[in-house]
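To start, the structure under review is shown below, and the notes come after it.
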Amino acid sequence: EPEVTQTPSHQVTQMGQEVILRCVPISNHLYFYWYRQILGQKVEFLVSFYNNEISEKSEIFDDQFSVERPDGSNFTLKIRSTKLEDSAMYFCASNQGVIGTFGSGTRLTVV
Amino acid sequence: ELKVEQNPLFLSMQEGKNYTIYCNYSTTSDRLYWYRQDPGKSLESLFVLLSNGAVKQEGRLMASLDTKARLSTLHITAAVHDLSATYFCAVDMSADGLTFGKGTHLIIQP
Chain A
11 EPEVTQTPSH
21 QVTQMGQEVI
31 LRCVPISNHL
41 YFYWYRQILG
51 QKVEFLVSFY
61 NNEISEKSEI
71 FDDQFSVERP
81 DGSNFTLKIR
91 STKLEDSAMY
101 FCASNQGVIG
111 TFGSGTRLTV
121 V
Chain B
214 ELKVEQNPLF
224 LSMQEGKNYT
234 IYCNYSTTSD
244 RLYWYRQDPG
254 KSLESLFVLL
264 SNGAVKQEGR
274 LMASLDTKAR
284 LSTLHITAAV
294 HDLSATYFCA
304 VDMSADGLTF
314 GKGTHLIIQP
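Protein sequences, first through last, are from chains A and B.
Using our numbering, the first residue of the first sequence is number 11, and each one after it goes up by one.
Using our numbering, the first residue of the second sequence is number 214, and each one after it goes up by one.
This is how it looks when you write it as structure tokens:
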């Protein structure tokens, strides 16, 4: 069964550093998403991406965040200057139609 | 702003019992999803409900949707330990992102 692949599975970074989280969506999917989940809390929508541009973003997705699809297969989330409160699980998802598929997530720890 | 509320947020029950998790949402929506999440793991899609009165069943889980009441339920029949997990409902307003409830942490004890 096709999967959404995320790398790395866990990343530790120092406050103020830039991180790039990577995702390979399912190949024939056209809609891509990033969500985050702070430990023990609900899943929160960050951004959706379609046709090589952002289609919607939440209040969380401020200027320190950016997304891109650099090579037609990868979908990346960049956090420019990480803060302690960015520590969370970040999930990528993709869909084509009704049902989306989530990746296994990247656990980001900012120290 | 769309709000999605689940209750209960925490549920401890015995094997063999039945129980229902409720998901209320604040505005009209096209789609409602139920996901399961095991600790430290990703979200596993359980059900997608697309219309008023939709009912779907998979094993001991059954989900229903009442769009007029803006309510979905996830019913657990004769619970078994393997169903212990956190269950999230999520509502989709359009082709864009999902709005999740806070989740129901379910513990099923022998």
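C-beta atoms are modelled at their ideal positions from N, C-alpha and C, and glycine is treated no differently.
- Look at A:Leu31 here: in three-state DSSP terms it is strand.
- Against chain B, the CB of A:Phe75 has no partner CB under 8 Å away; the residue lies outside that interface.
- Taking B:Tyr246 as the centre and dropping the five residues before and after it, the same chain places the C-beta of Val261, Ala303 closer than 6 Å to its C-beta, in chain order.
- Under the Cβ criterion of 8 Å, B:Leu259 is not counted among the residues facing chain A.
- Secondary structure note for A:Val22: its beta strand (DSSP E) is the uninterrupted segment 20-23.
- Look at A:Tyr100: its C-beta is not under 8 Å from any C-beta on chain B.
- The three-state reading of DSSP puts B:His288 in strand, counting E and B together.
- Assignment of A:Asp73 by DSSP, reduced to helix, strand and coil, places it in the coil class.
- Interface criterion not met: the Cβ of A:Ile48 is under 8 Å from no Cβ in chain B.
- Remark: C-beta atoms of A:Phe112 and B:Leu296 do not approach each other more closely than 8 Å.
- Contact with chain A is absent for B:Gly266, since none of that chain's Cβ atoms lies less than 8 Å from the residue's Cβ.
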